[in-house]
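Below is one structure, written out as structure tokens; comments come after it.
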Amino acid sequence: MDVGFSLRGGAAGAVGMVRGMADSLQFSIRPELTLEERVLTNSEGSAEEMPTIGNDDLKEMLESNKESLKLEAMKRIVGLMSRGRNASDLFPAVVKNVANKNIELKKLVYVYLVRYAEEQQDLALLSISTFQRGLKDPNQLIRASALRVLSSIRVPIIVPIMMLAIKEAAADLSPYVRKTAAHAIQKLYSLDPEQKDHLIEVIEKLLKDKSTLVAGSVVMAFEEVCPDRIDLIHKNYRKLCHLLVDVEEWGQVVIINMLTRYARTQFLSPWREDAQFDENSEKTFYDSDEEKEQADSRPYVMDPDHRLLLRNTKPLLQSRNTAVVMAVSQLYWHLAPKHEVNVVTKSLVRLLRSHREVQYIVLQNIATMSIQRKGMFEPFLKSFFVRSTDATHIKTLKLEILTNLANEANISTILREFQTYVKSQDKAFAAATIQAIGRCATNIDEVTDTCLNGLVLLLSNRNETVVAESVVVIKKLLQTQPSQHSDIIKHMAKLLDSITVPMARASILWLIGEYCERVPKIAPDVLRKTAKTFTAEEDIVKLQILNLAAKLYLTNSKQTKLLTQYILNLGKYDQNYDIRDRTRFVRQLIVPNEKSGALSKYAKRILLASKPAPVLESTFKDRDRFQLGTLSHTLNTKASGYLELSDWPKVAPDQSVRNVEVFEPVKEWAPSVGKAKPAKSDKFYSDSEEEEEEEEASGSSSSAEDSSSSEEESGSEDDESKSDEGSDKSSTQSESDEKQQVLRKTAGRGLQDSYSEDEKTAIRPKPKTRGTQFQPKASSSSGSSSCSQSSSEADSDSDSDGSAGLEQKQISKPKAEVKVKKEVSLLDLDDFNPVSASVPKASILSPSLLSDLEGLSLSGVSAAIEVSSPVFVPHMSHELLHRMSGKGLAACYHFPRQPCIYDPRMVSVQLTFTNCGEQPVQDLRVGEASPPALSLHRFAAVERLEPDSSITVSMGIDFNDSTQAASFQLCTKEDQFSVSVQPAVGELFMPVTMTEQDFHKEQGKLTGMNESSTTVTVASESTSAQIITRKVVCVANMGVVPSSQTNVHRFAAKTASSEALVLATVELKEASAARLLVNTEETVIGSMLLRDLKTALSQG
184 MDVGFSLRGG AAGAVGMVRG MADSLQFSIR PELTLEERVL TNSEGSAEEM
234 PTIGNDDLKE MLESNKESLK LEAMKRIVGL MSRGRNASDL FPAVVKNVAN
284 KNIELKKLVY VYLVRYAEEQ QDLALLSIST FQRGLKDPNQ LIRASALRVL
334 SSIRVPIIVP IMMLAIKEAA ADLSPYVRKT AAHAIQKLYS LDPEQKDHLI
384 EVIEKLLKDK STLVAGSVVM AFEEVCPDRI DLIHKNYRKL CHLLVDVEEW
434 GQVVIINMLT RYARTQFLSP WREDAQFDEN SEKTFYDSDE EKEQADSRPY
484 VMDPDHRLLL RNTKPLLQSR NTAVVMAVSQ LYWHLAPKHE VNVVTKSLVR
534 LLRSHREVQY IVLQNIATMS IQRKGMFEPF LKSFFVRSTD ATHIKTLKLE
584 ILTNLANEAN ISTILREFQT YVKSQDKAFA AATIQAIGRC ATNIDEVTDT
634 CLNGLVLLLS NRNETVVAES VVVIKKLLQT QPSQHSDIIK HMAKLLDSIT
684 VPMARASILW LIGEYCERVP KIAPDVLRKT AKTFTAEEDI VKLQILNLAA
734 KLYLTNSKQT KLLTQYILNL GKYDQNYDIR DRTRFVRQLI VPNEKSGALS
784 KYAKRILLAS KPAPVLESTF KDRDRFQLGT LSHTLNTKAS GYLELSDWPK
834 VAPDQSVRNV EVFEPVKEWA PSVGKAKPAK SDKFYSDSEE EEEEEEASGS
884 SSSAEDSSSS EEESGSEDDE SKSDEGSDKS STQSESDEKQ QVLRKTAGRG
934 LQDSYSEDEK TAIRPKPKTR GTQFQPKASS SSGSSSCSQS SSEADSDSDS
984 DGSAGLEQKQ ISKPKAEVKV KKEVSLLDLD DFNPVSASVP KASILSPSLL
1034 SDLEGLSLSG VSAAIEVSSP VFVPHMSHEL LHRMSGKGLA ACYHFPRQPC
1084 IYDPRMVSVQ LTFTNCGEQP VQDLRVGEAS PPALSLHRFA AVERLEPDSS
1134 ITVSMGIDFN DSTQAASFQL CTKEDQFSVS VQPAVGELFM PVTMTEQDFH
1184 KEQGKLTGMN ESSTTVTVAS ESTSAQIITR KVVCVANMGV VPSSQTNVHR
1234 FAAKTASSEA LVLATVELKE ASAARLLVNT EETVIGSMLL RDLKTALSQG
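In terms of the working numbering, the sequence shown opens at residue 184 and continues consecutively.
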């Protein structure tokens, strides 16, 4: 106490001393700090100390004349809002600052008003004029914020003002403001649905917007206001498909869901058995009669726009946003051909590493998928094994999926997992596991007995929940084959005294009553025991006791007559009316008397009728009626606002509704005929070279016949370059327009109006092929070059939606000059920059100019890289069909390493058939292929193959750059045999030639993950260049690249299907060591080739 008084005294003395010093210095000490000082003091503290300023102080700060105080006050108010505090009473003070000129302050005021404008409508209405002025503000953020606040005022009287503001914002130069206008459309529609027609006009205008910022928002407005107006999407369908990759993530989700519904109404079902799928199904402008006949005979070919949607959404499976991945997955599930749905599997499994909320939704969708297509997720079975950290609802879903995926091959693995799960401390999870075991037992007959024995062992478990659930499942399993399991029924009857769970007791009583004739000695004793405890049992158990008594009365009345009457008397006065009703019904049914009618005669047939075995089905069986990824699918009931997917149309709708008309101002930008100088701004060529080009153009009319072929070659090369340059653009024109343009060009040059057959062939574009075609080398001795008629087409994953790059027309006349057609993109109709071009003649280009032009190819592969003939063709054959399996027909195959004449993407395979039997083989042909998507060219059917004779045929197979075996049926008139062709990785290549300079250039592009290397020990006698080359080309069909270094050997090839370059380098080191290097975009092929080459080089 004395210490306390002394401290207080000392403190009082110190305060007095300070006051005295202040008086002597004529200072005055204020009892409180000013508002600004308190703000500065609090601003130096932590974030938790910020709310110490009350609302009165914040109002005072907002009404002060200092901008810094107002700004600080708004920051604190927004901070309060972000923490969920109510700041609505500050609305009058905040709204006064809406006209402030400070941009930062105005932004914060608008943020506040957006939040509370709906609650304080009257005060917000007073500032309408200020919001309208904000719509004209030079700052796009202020314009957008003003529109956002205006649309948040939910008062019907300002609907005309909002409508006018939305229309003006929809035409704003800023895409951010147009995006805000799309958001405001939904708010206005919910406020006044009568404005629907006007809003649809705005939506139609915004749908034509090219900005990726607007696309997602306007589609959301479309879904909210007029989801049934599919006609608004037709002209914008292709544009939305192209923009999809660049749209923000939540916009991607909305667009994908909308396009899913659109596709189900506009395209035919790809799930038909006669469907044919072609990655490059775009039609050329000129089709031959044969192609037209084939097209007419095809029952179904996927619409190019359908393929465009699938192709442009596939990259989004790599998105970091789980909602986007889920949206693409549901799109593929509902729209893609069945053999293409598997591409979503890995992406969905990847999402299982996310938060448990994401896991729950993804697992629900996987559970629905796995019921219909088990093969999708079987390779990832272990990904669905339960972890100890999983929540109960996650564990249950994983159990559901594991049960759906169970088959004869993996059931042993799954049952071992289930044995562990049964021991879990989570009772609900353990019970669900037992139900899963029961489902596996009913679905797979081979393990029924094993599962049943395992469940019987669980009856001795200490966990009462496990025992009860086991009894229920055993009861269902015994119904399938009760005659074989009377011992189990006896064992369960003995457990009746120890089991207390009502459902389990009721199940045991039902089993004993249903099969009472198989346990005639035990059943009456069970009835005697349950009669003693009847009044204490649960209602469900009492009902089963009544059933047991009735059945025993009909089958063994001598022993159970009195017991049955006793139980019926107890049930007559039971408190539950269900028990009383059941008792009266049973008494009238089984005990005949004067009042009982004819029904008592059929008592045995009624009570002892055989019951069908229950079918244990998945709870997700019927969820596929809802679109995957929706709230309705999650809840398993139709939610508000759910839009059902329509059925596929039976007749294909008109495809032309999605065509966008392109008007080409030919006179303004078409290249001129005759002289054409390059733009003066491009000073790539020297003055002398420009003069040479002018002389060349002016002297083209006097060129000789030889220069004509040179012109064709140069035009073809320029065409290839231009096709590559325009791979990101596309144009769609009718065939008639194309012919008119050709005639206009030829008339300008003084050509004849009619063409010979050869000229028509030159004009007609060739059918498109995938990837870049390599042109054959010109012969230096003859001085003339052959014109390559191949064309370049954009890859199947490019953004082209029409015919990508028309071939340039070639006319073999000495006075003809090549004219390059400008391509127009559907997305950039207003932005193209016309450039006139002239193609120089190759015949008079100087050698220096040619060398300068070597590196200017715009394609991914240098023009100097050309397909060559194979260096080595191995004669090793592989057995296709043994004579014993083929009933006398033997077949073998080998790879001739020649380009396939049917399709450049295919690998040529030669088959040799030998009839080793005594009877002739008739009608030998290729039947169905597996998988159905396998592309192969069948050989012509062999009508008759005599005994002891052989025949060799050729066929083409597109292995799609994979060593997976191509399986198909080999059919004769009487039999069919399943055979498969297994390619080595080296047989998937086509050899190419290139210079060492090009090799280094392409190798520099294929580094990092595209490079595989290893060290190999080469035998001392195998280090010569000839032996190394022989070993490499024996393993892989590759071309030899000249090397300036004696210890470095280089080889090059391209894959047949995707035409990806494959470069191999063998660099000899000291002590018989060699470094082996493989560069290619196809990393899997690269690693396999590296392994094969290492094996070949290491052998002596």
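Note that CB positions come from ideal geometry on N, CA and C, so glycine has one too.
Discussion item. Please give the ranges of any alpha helix (DSSP H) in the segment 753–778, keeping only runs that are unbroken, at least 4 residues long and fully inside the region.
Written reply: 760–773
Practice prompt. Using the Cα positions of LEU382 and LEU308, report the straight-line distance between them to the nearest angstrom.
Written response: 23 Å
Discussion item. Can you check which of these residues, ASN646, GLN662 and LEU642, is closest to SER653 by C-alpha distance?
Written reply: LEU642
Discussion item. Let me check one thing: in DSSP terms, what residues is CYS623 bridge-paired to?
Written reply: BP columns for CYS623 are empty, so no partner.
Fill in: Pairwise C-alpha distance: ALA592 and ARG444
38 Å
Practice prompt. Run the CB neighbour count on TYR756, radius 10 Å, all protein chains shown included, and call it buried at 16 or more, exposed below.
Written response: exposed
Discussion item. If I measure Cβ to Cβ from ALA714 and keep anything under 7 Å in the same chain, skipping five residues before and after, which residues do I get?
Written reply: LEU746, TYR749 and ILE750
Worksheet entry | Helix, strand or coil at GLY1100 [DSSP, three-state] | coil
Discussion item. Considering only their Cβ atoms, is the gap separating ILE438 from ALA398 smaller than 8 Å?
Written reply: yes
Practice prompt. Return the first residue and the last residue of the beta strand (DSSP E) that PRO1174 is part of.
Written response: 1172–1176
Practice prompt. Starting from the N-terminal side, write out each stretch of the beta strand (DSSP E) that is 3 residues or longer and does not extend beyond the segment 1142–1192.
Written response: 1149–1154, 1159–1164 and 1172–1176
Discussion item. Counting C-beta neighbours from all protein chains within 10 Å, is the total for THR572 16 or more, i.e. buried, or is it exposed?
Written reply: exposed
Discussion item. Let me check one thing: in DSSP terms, what residues is GLU1062 bridge-paired to?
Written reply: CYS1075
Discussion item. Is it buried or exposed, THR1263, if we count other Cβ atoms within 10 angstroms and call 16 or more buried?
Written reply: buried
Worksheet entry | Residue from MET345, VAL1261 and GLN1186 whose Cα sits closest to the Cα of THR1198 | VAL1261
Worksheet item: What residue does the beta strand (DSSP E) around HIS1120 start on, and which one ends it?
Response: 1118–1120
Worksheet item: Can you tell me whether PRO1030 is buried or exposed, with buried defined as 16 or more other CB within 10 angstroms of its CB?
Response: Because the pLDDT at PRO1030 is just 42, under 50, the model does not fix this residue reliably, and the value given afterwards should be weighed accordingly. Its Cβ having fewer than 16 others within 10 Å, PRO1030 is exposed.
Worksheet entry | Buried or exposed (CB count within 10 angstroms, at least 16 for buried), TRP516 | buried
Worksheet entry | Integer Cβ distance of THR1238 from GLU1194, believed to fall under 8 Å | Rounded, the Cβ-Cβ distance is 16 Å, inconsistent with contact.
Discussion item. Using only the alpha-carbon positions, how far apart do TYR938 and SER1196 sit?
Written reply: Only weak support is given to the placement of TYR938: the predicted model assigns it a pLDDT of 38, under 50, and the value that follows is read from those uncertain coordinates. Each residue's alpha carbon lies about 57 Å from the other.
Worksheet item: Helix, strand or coil: how does DSSP classify ALA1279 here?
Response: helix
Discussion item. Determine whether the beta carbon atoms of GLU1185 and ASN1220 lie at a separation below 8 Å.
Written reply: no
Worksheet item: Looking at the structure shown, is ARG1258 part of a helix, part of a strand, or coil, going by DSSP?
Response: strand
Worksheet item: Exposed or buried, what is PHE612 when buried is set at 16 or more other beta-carbons lying within 10 Å of its beta-carbon?
Response: buried
Discussion item. Below 8 Å on the Cβ atoms is my contact criterion, and I expect GLN1102 with TYR1076 to pass it. Report the Cβ-Cβ distance as a whole number of Å.
Written reply: Not quite, the Cβ-Cβ distance comes to about 24 Å (not below 8 Å), so this is no contact.
Practice prompt. Could you tell me the distance, in whole angstroms, from the CA atom of ILE416 to the CA atom of SER1118?
Written response: 34 Å
Discussion item. According to DSSP, is LYS1070 part of a helix, a strand, or is it coil?
Written reply: coil
Worksheet item: When the Cα of THR766 is compared with those of ILE597, ILE728, LEU679 and SER334, which residue comes out closest?
Response: ILE728
Worksheet entry | Separation of THR586 from MET156, as counted between CA atoms | No answer is possible for residue 156: it lies beyond the span of the chain, which begins at 184 and ends at 1283.
Discussion item. Which residue marks the beginning of the beta strand (DSSP E) containing SER1195, and which one marks its end?
Written reply: 1194–1200
Worksheet item: CA-CA distance, VAL1201 and PHE1055?
Response: 21 Å
Item to complete: Measure the alpha-carbon distance for ILE789 versus VAL769 and round it to whole angstroms.
Response: 11 Å
Worksheet item: Do you know offhand how far GLU721's Cα is from PRO685's?
Response: 6 Å
Worksheet item: Between which two residues does the alpha helix (DSSP H) harbouring GLY178 extend?
Response: Residue numbering for the chain in the displayed model covers 184 to 1283; residue 178 lies beyond these limits and cannot be assessed.
Worksheet item: Whole-angstrom Cβ separation of ILE671 and LEU661, contact assumed at under 8 Å?
Response: 7 Å
Fill in: Member of GLY1269, ASP411, ASP272 and ILE584 whose CA lies at the smallest distance from the CA of GLY1191
GLY1269
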